[in-house]
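> In order, the protein sequence lines correspond to chains L and S.
Using the numbering used here, read the first sequence as starting at 804 and increasing by one per residue.
Using the numbering used here, read the second sequence as starting at 95 and increasing by one per residue.
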Amino acid sequence: MPRTTALECPGCPPLRALTFDALGLVKVVEARGTQGIPTVVDRWGAPDSSQCVLAASIADHKTNPILAVSRKNGQVELLNPLNGDVHVTIKTSETGAVGHIPEDDLVVGLHMFKAERTERMELSSKSMAFLTCTMKGNASLRSIKVKDTLAGFTCSEPSSWNVCTAGKILCSSVDKDESHALFGGKGAEINVWDLHECSKLWTAKSPRRNSLDIFVPTWFTTATFLGRDHRKIVAGTNYHQVRLYDISAQRRPVMSFDFRESPIKAVTEDVDGYAIYLGTGAGDLATFDMRTGKLLGCFRGKCSGSIRSIARHPDHPVIASCGLDSYLRFWDIKTRQLLSAVFLKQHLTSVVFDANFKEEESAGNTGEQLNQLKESDHLEVEDNNDPLPVKRKKSSKNGKRIKRVKSKKSKDRVQDNTDDSSS
Amino acid sequence: MGGKRSKAESEETPLAVADDENPNNKKRKILPSLIKNKEKRSAVHAKLKHDKKIEKKKKAKLRDAAHKRALELGEEPPPKKIPRTIENAREFDETVCKPDDEELFAGNDADEFSSVLKRESTPKILITTCRFNSTRGPAFIEELLSVIPNAHYYKRGTYDLKKIVEYANKKEFTSMIVVHTNRREPDALLIINLPDGPTAHFKLSKLVLRRDIKNHGNPTSHMPELVLNNFTTRLGHRVGRMIQSLFPQDPNFRGRRVVTFHNQRDFIFFRHHRYIFEGKESKKPDPKNKLAKSVKNSKGEKVSQENVIARLQECGPRFTLNGFISRTWTLAAGDFSYDLFGCGVEVHLVKGATLITYIHHLWLLPSESLIELLRHGAWASYTSVLGYPTWSFVRDETE
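1. Using 8 Å as the limit for Cβ to Cβ distance, is T327(S) near chain L?
2. Alpha carbon to alpha carbon, how far is T414(S) from H367(S)?
3. Does the contact criterion of 3 or more C-beta pairs under 8 Å hold for the segment 214–226 of chain S versus the segment 267–287 of chain S?
4. List the residues of chain L whose Cβ lies closer than 8 Å to the Cβ of E188(S), in chain order.
5. Spell out a yes or no on whether the segment 1076–1088 of chain L and the segment 1104–1114 of chain L are touching, meaning 3 or more CB-CB pairs, one atom from each, closer than 8 Å.
6. Does V138(S) come out as helix, strand or coil in the three-state DSSP assignment?
7. Whole angstroms are fine: how far does the CA of G1076(L) sit from the CA of K1008(L)?
8. Does T759(L) pass the burial test, meaning 16 or more other C-beta atoms within 10 Å, or should it be called exposed?
9. Could you give the distance in angstroms between the alpha-carbon of F823(L) and the alpha-carbon of I219(S)?
10. Please list, in chain order, the residues of the segment 1119–1134 of chain L that have any C-beta partner in chain S closer than 9 Å.
11. Examine chain C for any beta-carbon lying closer than 8 Å to the beta-carbon of E206(S), and answer yes or no.
12. Runs of 4 residues minimum, wholly inside the segment 1047–1077 of chain L: which ones carry the alpha helix (DSSP H) assignment?
13. Out of T275(S), V352(S) and G410(S), which has the shortest C-alpha to C-alpha gap to P318(S)?
14. Per the DSSP calculation, S1153(L) is bridged to which residue(s)?
15. By Cβ distance, which residues of its chain are closer than 6 Å to S1112(L), with the 5 residues on each side in sequence left out?
16. Decide yes or no for the touch test of the segment 973–988 of chain L against the segment 1033–1041 of chain L: beta carbon pairs closer than 8 Å, at least 3 of them.
17. Which residues does DSSP list as the beta-bridge partners of R412(S)?
18. Rounded to whole angstroms, what's the CA-CA distance from V1057(L) to N1013(L)? Just pull it up for me.
19. Rounding to the nearest angstrom, what Cα-Cα distance links G1202(L) and R819(L) in this structure?
20. In whole angstroms, give me the CA-to-CA distance for P345(S) and D195(S).
21. For chain L, check one thing: does any of its Cβ atoms lie closer than 8 Å to the Cβ of E319(S)?
22. For the beta strand (DSSP E) that contains Q358(S), what are its first and last residues?
23. Would you mind working out which of W1005(L), I1067(L) and V1074(L) sits nearest I1050(L), comparing C-alpha positions?
24. Leaving out five residues before and five after F916(L) in sequence, what residues of the same chain have Cβ atoms less than 6 Å from its Cβ?
25. Whose Cβ in chain S lies nearer than 7 Å to the Cβ of S852(L)?
26. Just checking my contact of L1147(L) with V829(L) at CB under 8 Å: how many whole Å lie between their CB atoms?
27. Listed in chain order, which residues of the segment 871–885 of chain L have Cβ atoms closer than 8 Å to some Cβ of chain S?
28. Please classify E1183(L): is it buried, with 16 or more other beta-carbons within 10 angstroms of its beta-carbon, or exposed?
29. Classify R213(S) as buried or exposed, calling it buried when 16 or more other Cβ atoms lie within 10 Å of its own Cβ.
30. Helix, strand or coil for V966(L), going by three-state DSSP, please let me know.
31. Starting from P817(L) and walking both ways along the beta strand (DSSP E), at which residues does that stretch end?
32. Taking Cβ positions only, does E169(S) come closer than 8 Å to chain L?
33. In the segment 192–203 of chain S, which residues sit with their C-beta less than 9 Å from some C-beta in chain L, listed in chain order?
Written out as structure tokens, the structure is:
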């Protein structure tokens, strides 16, 4: 029996999300107003399956944001997330053959550093850095110097190292202060690297055989750092297990539990440092408290495809999930209600939030932003060092939300926001 | 509950009496089910039914009169009321494919079936079974082999499905069908697109084999025409393409053989027919065949020639598929990984919007109309699809 009543969605707070799909398109979804319905406002790129996006990462500075996208044809593109201009395209594979890239040479892990990497900075130019990791395990750290003009990007020689000898890497993550990275995958245990010295810090050990003497092969599908430092790691396996590792404690997981019956495909941490959001291959989305390992609740809705990516909005209590059902969905993390869903036509591979999106910003302002961007190239960049620029929101909206949050007694972060809005 | 109802009645009855003094109205308030005497009960019930019928007729009469009056006065006739059905009360589905969607076509070009559908490679199908297979299973497979050209049956033996996939990849098969039987009755169909998936799992029900169909025909070895109906949503479209890639893309019209997959509310109905066009001398006063009449009115003398009838003969088998879950088979990973999970997704039926016909070529149009014929029974007039480019082509053969 088909459903004959439409499901009403309450709408989202003002936000801007970028999604990446299997045809290499980047779609910009924006919601405006207090209870805005998100719509697709922009589409960058032409549909081409060789351009399939494998990973994406955004460094959302206030002045000079940059978006890194790794594609199936072995290229990493740096885009301007405001208007979609391609700053620079970097070929990552050494084989150099255009078009056909061997399967194990694909860039699966990508991280754009938000903070300036000072040790690599030179005079009269500033540099940005990004970390890539191929399936084979070739991790490389590249820095890009920005000359005075916009076109003047030069890519330095990458410093690369190999993170795994066998197996293939499927997931990678960088911690909050961007000094450590983790890698893991099929046949490759989670290992943590110090990015300053490019040295291995720690490797996980697979869990013991169970009472039936059955050994579960290593197959990590997703992993993330938990909290401020690099000590705690949450990883999801293909055998629907979620594990918590503590580097300072032991090499085996300190906690592990099963969730449903399909592979864990996406894990994202909350800003509070203990809650995580999981997405599985069957379209289940849930949130767990990693201090206790208890299920806080499931996000119930009509997800009908594998979830490939979850993003947490830095300010609003909203997460976005996307996957193979080609819907981008926004959820309220407090009530766990579906706020709204946008149909984006393609199999989505990744979603990121643009934290600097302000409601007052209109489409015409992008030009202004561009100018700002150009100017900022000449400036000394100072404010980029703080990791998350605090966003100023409309006070009316803010007040309403904070009331709710206050009652639940959480998060000094939001309290900060109240100070902001009241001042 | 009962007490409540009777109370409500007692409140209502005086009101009804006050409204109009019709004794009929008063009687209606007594529910026949409350009467204990059976004879009386059935009498009251019959009376009620009769009254209802009369009222309905009255209404229809009034409606007709209003319509007629409006026509006479040259006014707009009152709008026809649209009955509320499951179909039109359905929630609007935004995932329905639109023919002007360039992303859709780019996605089509990139998907796993495009090499077969663009005729770059010919489909080659491997059919196998589950481990235990008897009675209706082999009979069904035999008929599948006659339906799908270039299909090869391999005994399952005790091989692992992954091993079979490996073998089929080596032999350059493009798809694989596994017929699953339970209690000697085929109950599931697994369609695997090779080499890298996706895999779709269908429940199979209501299987009728050829020999159980009355007046069945025997299919020839010509390439069949393919009709895919109502695979309109994104997921449906993908499933449609998957089914399409099982068949060669160059039908032989001389065979007049058509294979139909008709999707209706997530159930895919499979039928296999032979058809024939017969020039039939129509009896001049034909009150039922309104279409023929209209042709006569407009074209006058051509009537006897134009009235061509398409006759269908079912070849079988006949079955229904439903509940597809499709996921990608990754051989390298050695396991399934979910790709699409279609249980919650409905392939919505939108009447008249058949995108698959758009992708298929014009040669499909006459058989498209055959589905209409199916709906109205086996016999129908072919004049309704006059004017399609393929018309002359088909008629050449029948003459």
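All C-beta atoms in this analysis are idealised placements derived from N, C-alpha and C, irrespective of residue type, glycine included.
Taking the definition as stated:
1. No, T327(S) does not count as interfacial toward chain L.
2. 15 Å
3. With the cut-off at 8 Å, the segment 214–226 of chain S and the segment 267–287 of chain S touch.
4. F1146
5. yes
6. helix
7. 24 Å
8. The structure shown does not extend to residue 759(L), since chain L spans only 804 to 1226, so no value can be given for it.
9. 35 Å
10. L1127, D1128, S1129 and Y1130
11. As a matter of chain content, chain C is missing from the structure shown, whose protein chains are L and S.
12. Counting only runs of 4 or more, we get nothing.
13. Comparing Cα positions, the closest option is V352(S).
14. F823(L)
15. A1069, C1125, S1153 and V1154
16. Flag = yes, the segment 973–988 of chain L and the segment 1033–1041 of chain L touch.
17. V302(S)
18. 15 Å
19. Confidence in G1202(L) is poor, its pLDDT being 41 and thus under 50, which makes the residue's placement too unreliable to answer from.
20. 27 Å
21. So no, E319(S) is outside the interface.
22. R351 to Q358
23. W1005(L)
24. A932 and E981
25. A204
26. Rounded, the Cβ-Cβ distance is 11 Å, inconsistent with contact.
27. none
28. Note that E1183(L) scores a pLDDT of 39, beneath 50, so its modelled location is shaky; the value from the coordinates is reported in the next line. Exposed is the call here.
29. R213(S) is exposed by the Cβ-count criterion.
30. coil
31. Counting along the chain, P817(L) falls outside any beta strand (DSSP E), and DSSP gives it neither H nor E.
32. At a cut-off of 8 Å between beta carbons, E169(S) makes no contact with chain L.
33. Among the residues of the segment 192–203 of chain S, those with a Cβ less than 9 Å away from any Cβ of chain L are D195, E196, E197, L198, F199, A200, G201 and D203, in the order of the chain.
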